[in-house]
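K.L.:
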Amino acid sequence: MEIAGKTALVTGAASGIGLGTARAFAARGANVALLDVEEGPLEAAAAEVSGLGADTIAIRCDVADYDAVAAAAAEAEAALGPIQYLINNAGVEVMGKSLDEVSHEEFEWIMGVNVWGVLNGIKAVVPGMRQRGNGGYVVNVASIAGLQISPGKLKLGPYAMTKHAVVAISESLRQDLEPDGITVSAFCPGAVYTNIWNSGRNRPEEYGTAEENDPDHPFWKLIQETGLTGDQAGEILLRSMESAPSIILTDDIGRASMEDRHQRVMDGIDLAQVLRREIGI
């Protein structure tokens with residue numbers, strides 16, 4: 053995978069996985085466009101990445117706004133050249149509530165960033181990749197929560213819902229773009245120590261008042277105790293991209309639950325076959 057001299061656009065790049073990924077691209081000689089909604093941390097992150105020798109541009113952008121994403125992509129390409137690597141990383145979290153307790157405004161916010169943010173990045177960048185005919189690589193950052201349903205006590209339903217969508221988007225887009233030589237992967241990291249825990253700080257007023265997450269929440273405790281750094285996650289991502297897998301993971305933390313889910317699907321198939329025979333289908 054030739055990265056040096058190519059341009060990568062990373063959303064949610066001011067911290068966490070986004071910043072770690074931007075650093076990993078810079079260390080390999082790429083030009084890096086960093087997008088984030090938090091202007092101060094974004095400028096600091098861009099300075100760090102630039103310090104690694106990369107040509108960079110920092111663009112404040114709300115990924116839930118298609119026009120803003122399209123303008124940012126155009127600005128990035130004007131400054132750094134055609135985008136060869138698109139990393140749709142920006143994400144937010146709503147937790148500690150069952151789905152029936154989540155407000156309509158909260159659903160709009162988390163869907164806007166986690167799902168529409170990915171689609172907006174795709175719509176803004178992929179047509180240019182296809183038109184140029186030089187291939188490309190799209191990574192949509194989902195989560196291990198996009199491959200499993202976490203224990204009920206964690207109450208990650210709104211987040212898991214959006215991350216399952218990101219995995220489905222990625223697997224569908226991978227098939228769509230294969231004839232164009234463009235690779236698509238879903239990145240499904242396990243625990244990573246990032247600022248997503250406090251993502252409510254960036255919630256626009258029209259989506260309701262952000263509530264502080266419980267510092268004793270078991271998921272936060274897990275992240276604190278076992279989470280990777282953003283740099284570690286970013287390095288795993290870029291090394292995995294060399295093999296161009298459909299799904300990229302950081303560990304085997306979800307193996308048991310995913311095997312259990314697969315078995316439940318198989319059980320459902322077996323039951324359906326029994327019922328079809330009983331009905332005479």
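Under the working numbering, the residue at position 207 of the sequence shown is numbered 259, and the numbers go up by one with no gaps.
All residues carry an ideal CB built from backbone N, CA and C; glycine is no exception.
Taking the CB atoms as reference points, tell me whether residue 98 and residue 81 lie closer together than 9 Å.
P.N.:
Counting from one through the sequence shown, the residue named residue 98 turns up at place 46. Counting from one through the sequence shown, the residue named residue 81 turns up at place 29. Going by C-beta atoms, residue 98 is not nearer than 9 Å to residue 81.
K.L.:
Among the candidates 70, 234, 200, 215, whose CA atom is the shortest distance from the CA of residue 312?
P.N.:
Translated into the one-based positions of the sequence shown, residue 312 becomes position 260. Per the Cα distances, 200.
K.L.:
Residue range of the beta strand (DSSP E) that residue 214 falls in?
P.N.:
Here residue 214 is taken as the residue at index 162 of the sequence shown, counted from 1. Judged by DSSP secondary structure, residue 214 falls outside any beta strand (DSSP E) and instead within the alpha helix (DSSP H) spanning 209-229.
K.L.:
When you compare each of 130, 117, 328 to residue 110 by their alpha carbons, which one comes out closest?
P.N.:
For this step, residue 110 is matched to residue 58 along the sequence shown. When each option's Cα is compared against that of residue 110, the closest is 130.
K.L.:
Should residue 277 go down as buried or exposed, given a rule of 16 or more other Cβ atoms within 10 Å for buried?
P.N.:
One-based indexing of the sequence shown puts residue 277 at position 225. Exposed, because fewer than 16 other Cβ atoms sit within 10 Å of the Cβ of residue 277.
K.L.:
Are the stretch 280-298 and the stretch 74-88 in contact at 8 Å, needing three or more beta carbon pairs?
P.N.:
The stretch 280-298 vs the stretch 74-88: in contact.
K.L.:
For residue 188, which residues does DSSP report across the bridge?
P.N.:
Looking up residue 188 in the sequence shown gives position 136. Note: residue 188 sits in a beta bridge opposite 234.
K.L.:
Measuring CA to CA, which of 180, 175, 314 is closest to residue 134?
P.N.:
Counting from one through the sequence shown, the residue named residue 134 turns up at place 82. If we check each option's Cα against that of residue 134, 180 comes out closest.
K.L.:
Rounded to whole angstroms, what's the CA-CA distance from residue 93 to residue 142? Just pull it up for me.
P.N.:
Looking up residue 93 in the sequence shown gives position 41. Looking up residue 142 in the sequence shown gives position 90. Rounded to whole angstroms, residue 93 to residue 142 spans 14 Å at the Cα level.
K.L.:
Run the CB neighbour count on residue 226, radius 10 Å, all protein chains shown included, and call it buried at 16 or more, exposed below.
P.N.:
In the sequence shown, the residue the question calls residue 226 occupies position 174. The residue is buried, with at least 16 neighbouring Cβ atoms inside 10 Å.
K.L.:
Spatial neighbours of residue 177 within its chain, please: CB distance less than 6 Å, with the 5 preceding and 5 following residues excluded, ordered by chain position.
P.N.:
Translated into positions along the sequence shown, residue 177 becomes position 125. Result list for residue 177: 125, 135, 138, in chain order.
K.L.:
Residue 88 and residue 105: beta carbons closer than 9 Å?
P.N.:
Residue mapping note: residue 88 aligns to position 36 of the sequence shown, counting from 1. Residue mapping note: residue 105 aligns to position 53 of the sequence shown, counting from 1. The answer is no: Cβ separation not under 9 Å.
K.L.:
Within the present structure, is the beta-carbon of residue 75 separated from the nearest heavy atom of the ligand SAM by less than 8 Å?
P.N.:
Absence of the ligand SAM from the depicted structure is noted, as is the absence of any ligand whatsoever, leaving it without description.
K.L.:
For residue 190, which residues in the same chain have their Cβ closer than 6 Å to its Cβ, ignoring the five residues on either side in sequence?
P.N.:
If you number the sequence shown from 1, residue 190 lands on position 138. 138, 236.
K.L.:
Tell me residue 110's beta-bridge partners as DSSP assigns them.
P.N.:
Against the sequence shown, residue 110 aligns to sequence position 58. The partner list for residue 110 (beta bridge, DSSP) reads 86.
K.L.:
Does the distance from the CB of residue 300 to the CB of residue 292 come in under 9 Å?
P.N.:
Within the sequence shown, numbered from 1, the residue matching residue 300 stands at position 248. Within the sequence shown, numbered from 1, the residue matching residue 292 stands at position 240. Between residue 300 and residue 292, the C-beta spacing is below 9 Å.
K.L.:
For residue 239, I'd like the list of residues in its chain whose CB is within less than 6 Å of its CB, leaving aside the five on either flank, ordered along the chain.
P.N.:
Within the sequence shown, the letter at position 187 stands for residue 239. Cβ within range, chain order: 191, 193, 289, 300.
K.L.:
In whole angstroms, give me the CA-to-CA distance for residue 107 and residue 316.
P.N.:
In the sequence shown, the residue the question calls residue 107 occupies position 55. In the sequence shown, the residue the question calls residue 316 occupies position 264. Their Cα atoms are separated by approximately 49 Å.
K.L.:
Mapping the DSSP letters down to three states, classify residue 166 as helix, strand or coil.
P.N.:
Residue 166 sits at position 114 when you count from the first residue of the sequence shown. DSSP places residue 166 in helix when its eight states are reduced to three.
K.L.:
At which residues does the beta strand (DSSP E) containing residue 326 begin and terminate?
P.N.:
Position 274 of the sequence shown holds residue 326. Per DSSP, residue 326 belongs to no beta strand (DSSP E); it is in the alpha helix (DSSP H), 307-331.
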